[in-house]
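*Asks:* Numbering follows numbering that gives the first Met the number 0, in which position 306 of the sequence shown is assigned residue number 305; successive positions increment by one, without gaps. Quick one: structure below, then a few questions.
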Amino acid sequence: MYRMSPISSFSLRPLRREDVTVAADQLMLASATGVRHHLELQLAAASAGERGSGFVAERDGVVIGAALLSTEPTMPGAVVTLVAVSRQARGHGVGRALADLLDEQLADETLPASCILRDDLTEGRGFAERRGFTLSGHSVGWSIDLSAQDSKLEAAAHEAAQTAGVRVRQAELTREVSGVLECAARCMPGMPGAQGRDAEQGRDYFPGDAVVLLAERDNPSSGEAGRLPLGMTAIAPRVEENSWYTLFTGVDPSLRRGGIGRALKTESFQRARRAGARSVLTHNHDTNAAIIGLNTAFDMRRAPGYWDLRRTTSK
Numbered sequence: 000m001y002r003m004s005p006i007s008s009f010s011l012r013p014l015r016r017e018d019v020t021v022a023a024d025q026l027m028l029a030s031a032t033g034v035r036h037h038l039e040l041q042l043a044a045a046s047a048g049e050r051g052s053g054f055v056a057e058r059d060g061v062v063i064g065a066a067l068l069s070t071e072p073t074m075p076g077a078v079v080t081l082v083a084v085s086r087q088a089r090g091h092g093v094g095r096a097l098a099d100l101l102d103e104q105l106a107d108e109t110l111p112a113s114c115i116l117r118d119d120l121t122e123g124r125g126f127a128e129r130r131g132f133t134l135s136g137h138s139v140g141w142s143i144d145l146s147a148q149d150s151k152l153e154a155a156a157h158e159a160a161q162t163a164g165v166r167v168r169q170a171e172l173t174r175e176v177s178g179v180l181e182c183a184a185r186c187m188p189g190m191p192g193a194q195g196r197d198a199e200q201g202r203d204y205f206p207g208d209a210v211v212l213l214a215e216r217d218n219p220s221s222g223e224a225g226r227l228p229l230g231m232t233a234i235a236p237r238v239e240e241n242s243w244y245t246l247f248t249g250v251d252p253s254l255r256r257g258g259i260g261r262a263l264k265t266e267s268f269q270r271a272r273r274a275g276a277r278s279v280l281t282h283n284h285d286t287n288a289a290i291i292g293l294n295t296a297f298d299m300r301r302a303p304g305y306w307d308l309r310r311t312t313s314k
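This is the structure:
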């Protein structure tokens, strides 16, 4: 399919492997996380015909917009839809034409469609709502200025771990990925939006430069249960220079509110600072009062979050 648009001088075609980088550049314009890893995996799978569908809009040989239909292990029970257009090409029907292509792909879909969008992009939300999407959830963005914390982080991390009775260590993902995923699965119950998530599907979730931290008992008891991690967090660099992102933080439900989450977050801030980060961004569902309270205690400041917009299918 190579379709010329009657609206303006651009053409639409399926995503090719060589388009993945530039398509990711386009779609990252609407991303709140600033982490390309998952998006590039989805685009690569779509371009290879393995999973999902992707399209680009092109003008004079230059990609000016992209669209993706895919799945995401952190969002079971829905298909992910993304559309983005370069700033200079907006207002000429490019986004509408790309969205029409996704609608054609969704015609036989039984799962609802999801659109994850930065919450400061009001025009983008309006575009999605005009196409039948409605607000399903909202995650608030929080950012910490590490330059203001530099002299305090090491002592704070030590104190937090001691108070919680844990030691926090970095996992070796190549060797411990199964244990990390098992820990994530144990930490998910009770989290907003966690229902139906399969941690095993997230085997490729962590970028190669991610830092995954595990909280373990300081004095483990004998037996396998005594050696299991009590919680975990994962952070990774963002495309924005000197900024990192918290991919996931979770604690075993039976051990929450015991300081383990604080110990993990404090150590993650220290690790990011050592790696050269000046800030760390995180997102938390606006109903997650416990973690929002912890963010406030860290003197984190509000930052762009994201909307989760959904549209049911006609089937």
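Virtual Cβ for every residue (Gly too), placed ideally from N, Cα, C. Computed from a predicted model, the values in this text were never measured in an experiment.
What are the start and end residues of each continuous alpha helix (DSSP H) run of 4 or more residues lying completely inside the stretch 20 to 104, in chain order?
*Replies:* Segments of the alpha helix (DSSP H) lying fully in the stretch 20 to 104: 36 to 46.
*Asks:* Closer than 8 Å is the cut-off here; do at least three beta carbon pairs connect the stretch 103 to 121 with the stretch 262 to 269?
*Replies:* Verdict: no, contact absent.
*Asks:* How many angstroms separate the CA atom of G51 from the CA atom of F205?
*Replies:* On the sequence shown, residue 51 is found 52 positions in, with the first residue counted as 1. On the sequence shown, residue 205 is found 206 positions in, with the first residue counted as 1. Their backbone Cα atoms lie some 20 Å apart in a straight line.
*Asks:* So, are the CB atoms of V165 and L229 less than 8 Å apart?
*Replies:* Numbered from its first residue, the sequence shown carries residue 165 at position 166. Numbered from its first residue, the sequence shown carries residue 229 at position 230. Yes, these two residues count as a Cβ contact at 8 Å.
*Asks:* Specify, as a first and last residue, the run of the alpha helix (DSSP H) that V179 falls within.
*Replies:* Residue mapping note: residue 179 aligns to position 180 of the sequence shown, counting from 1. L172 to C186 is the span of the alpha helix (DSSP H), which, as asked, contains V179.
*Asks:* Which of the three DSSP states, helix, strand or coil, is assigned to E266?
*Replies:* The sequence position of residue 266 within the sequence shown is 267, counting from 1. Correct three-state label for E266: helix.
*Asks:* Please list, in chain order, all residues of the same chain as T80 whose beta carbon is under 6 Å from its beta carbon, the five residues on each side excluded.
*Replies:* In the sequence shown, the residue the question calls residue 80 occupies position 81. Contacts found: L68, L101, A112 and C114.
*Asks:* If you compare alpha carbons, which of R226, A276, R272 and F297 is closest to R261?
*Replies:* To locate residue 261, count along the sequence shown from 1; it is residue 262. Among R226, A276, R272 and F297, the Cα nearest to that of R261 is on F297.
*Asks:* With DSSP as the reference, identify every bridge partner of H157, one or two as the case may be.
*Replies:* Taking the sequence shown and counting its residues from 1, the one referred to as residue 157 is at position 158. Answer by DSSP bridge pairing: none, since H157 is not bridged.
*Asks:* Mark Q194 as exposed unless 16 or more other C-beta atoms lie within 10 angstroms of its C-beta, in which case mark it buried.
*Replies:* Counted from its first residue, the sequence shown places residue 194 at position 195. For Q194, the predicted structure reports a pLDDT of 49, less than 50, and the residue's modelled location is therefore unreliable. The matter cannot be settled from this model.
*Asks:* Counting C-beta neighbours from all protein chains within 10 Å, is the total for L134 16 or more, i.e. buried, or is it exposed?
*Replies:* Within the sequence shown, numbered from 1, the residue matching residue 134 stands at position 135. By the 10 Å Cβ count, L134 comes out exposed.
*Asks:* How about E39 and V55: are their beta carbons less than 8 Å apart?
*Replies:* Numbered from 1 along the sequence shown, position 40 holds the residue referred to as residue 39. Numbered from 1 along the sequence shown, position 56 holds the residue referred to as residue 55. Going by C-beta atoms, E39 is not nearer than 8 Å to V55.
*Asks:* Where do the ends of the alpha helix (DSSP H) carrying A214 lie?
*Replies:* Taking the sequence shown and counting its residues from 1, the one referred to as residue 214 is at position 215. First-last for A214: V210 to R216, but that is the beta strand (DSSP E), not the alpha helix (DSSP H).
*Asks:* If V238 and R86 are in contact, beta carbons under 8 Å, what's the gap, nearest whole angstrom?
*Replies:* As a position in the sequence shown, residue 238 is number 239, starting the count at 1. As a position in the sequence shown, residue 86 is number 87, starting the count at 1. Not confirmed; about 16 Å, so no contact.
*Asks:* Considering only the beta carbon of each residue, do G94 and V84 sit closer than 8 Å?
*Replies:* For the purposes of this step, residue 94 is taken as the residue at position 95 of the sequence shown. For the purposes of this step, residue 84 is taken as the residue at position 85 of the sequence shown. Yes, the pair counts as a contact, with Cβ atoms nearer than the cut-off.
*Asks:* Evaluate contact between the stretch 177 to 185 and the stretch 276 to 290, counting only Cβ atoms and requiring at least three cross-stretch pairs below 8 Å.
*Replies:* Output reads no: the stretch 276 to 290 does not touch the stretch 177 to 185.
*Asks:* Between which two residues does the alpha helix (DSSP H) holding R129 run?
*Replies:* Looking up residue 129 in the sequence shown gives position 130. First-last of the alpha helix (DSSP H) with R129: T121 to R129.
*Asks:* Among P13, R168, Q161 and E240, which one has its Cα closest to the Cα of G48?
*Replies:* Residue numbering aside, residue 48 sits at position 49 when the sequence shown is read from its first letter. Cα-wise, what sits closest to G48 is P13.
*Asks:* Would you call P252 buried or exposed, if buried means 16 or more other Cβ atoms sit within 10 Å of its Cβ?
*Replies:* Along the sequence shown, read from residue 1 onward, the residue named residue 252 stands at position 253. By the 10 Å Cβ count, P252 comes out exposed.
*Asks:* Report back the beta-carbon spacing between M231 and L212 to the nearest angstrom; my notes put them in contact at under 8 Å.
*Replies:* Counted from its first residue, the sequence shown places residue 231 at position 232. Counted from its first residue, the sequence shown places residue 212 at position 213. Yes, they are in contact, since the Cβ atoms of M231 and L212 sit about 6 Å apart, within 8 Å.
*Asks:* Along the chain, where does the beta strand (DSSP E) containing G207 start, and where does it finish?
*Replies:* Translated into the one-based positions of the sequence shown, residue 207 becomes position 208. From DSSP, G207 is part of no beta strand (DSSP E); its letter is neither H nor E.
*Asks:* Report the partner residues of G136 according to the DSSP bridge assignment.
*Replies:* Position 137 of the sequence shown, counted from the first residue, corresponds to residue 136. Answer is D307, bridged to G136.
*Asks:* Please determine if the stretch 300 to 309 and the stretch 132 to 150 are in contact, where contact requires at least 3 C-beta pairs separated by less than 8 Å.
*Replies:* Yes: at least three Cβ pairs fall under 8 Å.
*Asks:* Counting only the same chain and skipping the five closest in sequence on each side, list residues whose C-beta sits under 8 Å from that of R168.
*Replies:* Here residue 168 corresponds to residue number 169 of the sequence shown, with the count starting at 1. L212, L213 and E215, listed in sequence order.
*Asks:* Of all the options G33, T286, W243 and G249, which has the alpha carbon lying nearest to the alpha carbon of R273?
*Replies:* For the purposes of this step, residue 273 is taken as the residue at position 274 of the sequence shown. Minimum Cα distance to R273 is reached at W243.
*Asks:* Do you know offhand how far A155's Cα is from P236's?
*Replies:* Here residue 155 corresponds to residue number 156 of the sequence shown, with the count starting at 1. Here residue 236 corresponds to residue number 237 of the sequence shown, with the count starting at 1. The straight-line gap from Cα to Cα measures roughly 22 Å.
*Asks:* By a C-beta neighbour count over all protein chains shown, 10 Å radius and 16 as the cutoff for buried, is T109 buried or exposed?
*Replies:* Taking the sequence shown and counting its residues from 1, one reaches residue 109 at position 110. So T109 ends up on the exposed side.
*Asks:* For the beta strand (DSSP E) holding L280, just list the boundary residues, first then last.
*Replies:* Working through the sequence shown from its first residue, we reach residue 280 at position 281. Element bounds for L280: S278 to H284.
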